[in-house]
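In this note's numbering, the protein residues as written are 2 to 756.
Next comes the structure, spelled out in structure tokens:
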């Protein structure tokens, strides 16, 4: 019977633990019934501070009858609602319901000082309004405030700092018995430990502290953070049972740094077991599995798993699934076998074809012009790479400050039942006007600065008007041009320009007017193309002086020149302004006719080739060769501005601009009908800076066929400052076997590499 009673008490105690707040008022009052004041009498009886009598250890604090009355009955009646129960408890704690409390307050205002509704108080409640709040603040003159302590100086802080050294034990040797071997039979874990240590060292809080802390508490806090870091790194390598123990020990030698020791117990390494993908059927059937690189038996390495999942999320949109989503992975570890079964949910969405183009926002051009920029047609299988290509083409227009291209479900489906995915192009038009400028310097060419103003969408779509000017010590010019980019076809540009130019060099002085038109397919800094071409026509009217060898003096002639220039280029380099590998080949041919000293028909041709070879990540060897010829006209019948000259920053450095080749009796260059050049550079880059050593060679000849002899050679060094739009170069060169009248040094400043 006693045992049964104890069981009932246990049941009651359990109920008490869950419903303790129902009995809490009973405990707060007192165990002695004769000293309790009923809540209803609180309005008439003053509060008392009671001194409870010592309790008999054999006497229960709450009797059975009182306990039974305080808890709900354990019958089968339905329980009251939680809201009703909470209201009942609040009413008990507050000494009655809100209506009762209001009535009590109205009957006796003294009750307002009783804040919690308890009739019997151990400590009296504070008054509703603290009278201290009504007192005025003391005058500022009488306010006693001590100045803040002086800041601890850096030297003093350094003297107070605790020094420590960090040591990691357990990563120097393999701790597992089932060591995997690579192809050479070397323990895989040896490389893993190096990777773990390297990643820990790069992220460690202890290492960031440079072995110094203000106190031991700070050292301990850093050690705890690094313990968790080391566990995370080990988990990322598949050591899910790893443990790391931390100890901070004083040095055996007084005055030496503390030892912070992280002891690693890596445990076993887990390997992939079964690999499963929860995904609908795709085309091709292995599209998902073939792009998940890890295989069963490979260690579970977080970086590899994440990269494989990212690869799936990339490959699905590239192969017709624009709305694919990769879910959260699940890896079920088997501690006995040391394997983890991997599963990945993938929502592929519908396999889709390209649909229509839509555009919204502050548009620079409509969907019809966007269609010109794309490299796919409606009905092609969706490929996110082509979408990225379209986005790049939109950016390259320079007319948009913000642009996004994203797939949205389209209307209808193809004849084979495949749905369409439309492309939504969101545009924010950029300011259409641009001001640009540049400056440079070259020995013999002097200072040169140019500026331009462009309205880039004056004639939509992509019809621009540009006014430009050049001011220099040797050259002045003004021009105006009208251009249409992506004219009817992507990357096809049409340009018509009118310019006036004054050139005053040692070789000639010319006043030239030029009208030209060009259609081209060229590279831009944003979009570099492998194959480029251009064709055009130009008419020049020029007044130029030249040395007349027959008369032995300089004479001015007025000439008209008509030309049909064209060029083709093949570019397999990796960068337009700063190539580091690959090659380029460019051929320019211009049939021309000259009027003034009789009708002359001739042709100009130049072949350029350059090659770039990366010796190391930061060292590149670059080489360039150039050959030119003019056939069908005598040199003296050719306008001086149309002849070949050698020397200068874009030719043979170490010599002044146009200073190589035949010269008149005054030692001024007269130009030639053929030329050849060669350059070799070694480029080393260190972050945003670089150095270049170079050798240039070349010559210009009076004959129409280059002779490849009598080469002049210049050597020099240069500096590079790399910016986000290309390198800024400064080259200093000197000629080998310098001749009278030639400068000892030549300086060249410009944007971009020399070639």
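Here a beta-carbon is modelled for each residue, glycine too, at the ideal position from N, C-alpha and C.
Original post:
Hey, how far is the Cα of residue 273 from the Cα of residue 286?
Top reply: Counting from 1 along the chain shown, the entry for residue 273 is found at position 272. Counting from 1 along the chain shown, the entry for residue 286 is found at position 285. Roughly 22 Å separates the two Cα atoms.
Subject >> Residue burial classification, residue 284 (beta-carbon count within 10 angstroms, cutoff 16) >> reply: In the chain shown, counting from the first residue as 1, residue 284 sits at position 283. Burial call: exposed.
Subject >> Complete beta strand (DSSP E) runs within the region 193–275 (minimum length 3 residues, chain order) >> reply: 244–250 and 259–266
Subject >> Collapsed DSSP secondary structure at residue 348 in the structure displayed >> reply: On the chain shown, residue 348 is found 347 positions in, with the first residue counted as 1. Strand, per DSSP.
Original post:
With residue 310 and residue 345 assumed to form a contact (beta carbons below 8 Å), what rounded beta-carbon distance in angstroms separates them?
Top reply: On the chain shown, position 309 is the one that residue 310 refers to. On the chain shown, position 344 is the one that residue 345 refers to. About 7 Å; that satisfies the 8 Å criterion.
Subject >> Those residues which DSSP pairs with residue 688 across a bridge >> reply: Position 687 of the chain shown, counted from the first residue, corresponds to residue 688. Residue 688 pairs with nothing; no bridge assigned.
Subject >> Backbone secondary structure at residue 549 - three-state DSSP >> reply: Here residue 549 corresponds to residue number 548 of the chain shown, with the count starting at 1. In this structure, residue 549 counts as strand in the three-state DSSP scheme.
Subject >> Short Cβ contact (9 Å threshold) for residue 193 with residue 258 >> reply: Within the chain shown, the letter at position 192 stands for residue 193. Within the chain shown, the letter at position 257 stands for residue 258. Not closer than 9 Å, so no.
Original post:
Pairing CB atoms from the region 576–585 with CB atoms from the region 610–626, are three or more of them under 8 Å?
Top reply: yes
Original post:
What whole-angstrom Cβ distance do residue 422 and residue 408 have, given they're in contact under 8 Å?
Top reply: Along the chain shown, read from residue 1 onward, the residue named residue 422 stands at position 421. Along the chain shown, read from residue 1 onward, the residue named residue 408 stands at position 407. Right, their Cβ atoms sit about 4 Å apart.
Subject >> Exposure label - residue 751; buried when at least 16 CB within 10 Å >> reply: Walking along the chain shown from the start, residue 751 turns up at place 750. Buried, because 16 or more other Cβ atoms sit within 10 Å of the Cβ of residue 751.
Original post:
The beta strand (DSSP E) spanning residue 591 covers which residue range?
Top reply: To locate residue 591, count along the chain shown from 1; it is residue 590. Where residue 591 is concerned, the enclosing beta strand (DSSP E) stretches over 583–596.
Original post:
Where does residue 573 fall in DSSP's three states?
Top reply: Walking along the chain shown from the start, residue 573 turns up at place 572. The answer is coil: DSSP assigns residue 573 none of H, G, I, E or B.
**OP:** Compute the distance between the beta-carbons of residue 452 and residue 469, then report whether it is under 9 Å.
**Re:** Position 451 of the chain shown, counting from 1, holds the residue named residue 452. Position 468 of the chain shown, counting from 1, holds the residue named residue 469. Yes; because the gap between Cβ atoms is below 9 Å, this pair is in contact.
Original post:
At what residues does the beta strand (DSSP E) containing residue 578 begin and finish?
Top reply: In the chain shown, counting from the first residue as 1, residue 578 sits at position 577. Neither: residue 578 is in no beta strand (DSSP E) and is coded neither H nor E.
**OP:** Give a yes or no on contact between the region 346–355 and the region 325–333, applying the rule of three or more CB pairs nearer than 8 Å.
**Re:** yes
Original post:
How about residue 800 and residue 727: are their beta carbons less than 9 Å apart?
Top reply: Since the displayed the chain opens at 2 and closes at 756, residue 800 lies outside it and no answer follows.
Original post:
What are the boundary residues of the beta strand (DSSP E) that residue 505 is part of?
Top reply: Here residue 505 refers to the residue found at position 504 of the chain shown. Note, residue 505: beta strand (DSSP E), 494–505.
Subject >> Residues sharing a beta bridge with residue 749, DSSP >> reply: As a first step, residue 749 is located in the chain shown; it is residue number 748 there, counting from the start. According to DSSP, residue 749 bridges with 443 and 732.
Original post:
Exposed or buried, residue 303, counting other C-beta atoms within 10 Å across all chains shown (16 or more means buried)?
Top reply: Indexing the chain shown from 1 puts residue 303 at position 302. Residue 303 is exposed by the Cβ-count criterion.
**OP:** Have a look at the DSSP bridge pairing and note the partners of residue 468.
**Re:** Indexing the chain shown from 1 puts residue 468 at position 467. According to DSSP, which records beta bridges pairwise, residue 468 is partnered with 454 and 481.
**OP:** Could you tell me the boundaries of the alpha helix (DSSP H) in which residue 704 lies?
**Re:** Within the chain shown, the letter at position 703 stands for residue 704. Unbroken run through residue 704: none, as it is neither H nor E.
Original post:
Ends of the beta strand (DSSP E) at residue 721?
Top reply: Locating residue 721 in the chain shown gives position 720, where the first residue counts as 1. Residues 713–724.
**OP:** Find out if the Cβ-Cβ distance for the pair residue 507, residue 659 is shorter than 9 Å.
**Re:** Within the chain shown, residue 507 is the residue found at index 506, counting from 1. Within the chain shown, residue 659 is the residue found at index 658, counting from 1. Closer than 9 Å, so yes.
Original post:
Where do the N-terminal and C-terminal ends of the alpha helix (DSSP H) with residue 386 fall, by residue?
Top reply: Along the chain shown, read from residue 1 onward, the residue named residue 386 stands at position 385. Start and end: 385–397.
**OP:** Could you pull out every residue in the same chain whose Cβ sits closer than 6 Å to the Cβ of residue 384, ignoring the five residues on either side in sequence?
**Re:** Position 383 of the chain shown, counting from 1, holds the residue named residue 384. Counting only Cβ-Cβ distances below 6 Å, and skipping sequence neighbours, we find 319.
**OP:** Kindly list the residues whose CB is nearer than 7 Å to the CB of residue 524, restricted to its own chain and excluding five residues on each side of it in sequence; keep chain order.
**Re:** As a first step, residue 524 is located in the chain shown; it is residue number 523 there, counting from the start. Hits under 7 Å: 530, 533, 572 and 577.
Original post:
How big is the Cα-Cα spacing for residue 606 and residue 400?
Top reply: Locating residue 606 in the chain shown gives position 605, where the first residue counts as 1. Locating residue 400 in the chain shown gives position 399, where the first residue counts as 1. Each residue's alpha carbon lies about 36 Å from the other.
**OP:** Return helix, strand or coil for residue 67, following the three-state DSSP convention.
**Re:** Position 66 of the chain shown, counting from 1, holds the residue named residue 67. If DSSP states are grouped into helix, strand and coil, residue 67 belongs with the helices.
Original post:
What residue from 371, 505, 655 and 446 has the CA that sits closest to residue 488's CA?
Top reply: On the chain shown, position 487 is the one that residue 488 refers to. With distances taken between Cα atoms, residue 488 lies closest to 371.
Original post:
Counting pairs of Cβ atoms below 8 Å between the region 628–643 and the region 412–428, do you hit three or more?
Top reply: no
Subject >> Contacts around residue 735, its chain only, beta-carbon distance under 8 Å, and the 5 residues preceding and following it disregarded >> reply: Walking along the chain shown from the start, residue 735 turns up at place 734. Hits under 8 Å: 655, 715, 716, 717, 745, 746 and 747.
Original post:
Nearest-angstrom Cα distance between residue 254 and residue 216?
Top reply: On the chain shown, residue 254 is found 253 positions in, with the first residue counted as 1. On the chain shown, residue 216 is found 215 positions in, with the first residue counted as 1. For residue 254 and residue 216, the distance between alpha carbons rounds to 19 Å.
Original post:
When you compare each of 536, 561 and 553 to residue 545 by their alpha carbons, which one comes out closest?
Top reply: Position 544 of the chain shown, counting from 1, holds the residue named residue 545. It is 561 whose Cα lies nearest to the Cα of residue 545.
**OP:** Express the C-alpha separation of residue 403 and residue 631 in angstroms, rounding to a whole number.
**Re:** Within the chain shown, the letter at position 630 stands for residue 631. Within the chain shown, the letter at position 402 stands for residue 403. Their Cα atoms are separated by approximately 48 Å.
Original post:
Between the C-alpha atoms of residue 648 and residue 657, what's the straight-line distance to the nearest angstrom?
Top reply: Taking the chain shown and counting its residues from 1, one reaches residue 648 at position 647. Taking the chain shown and counting its residues from 1, one reaches residue 657 at position 656. Their Cα atoms are separated by approximately 6 Å.
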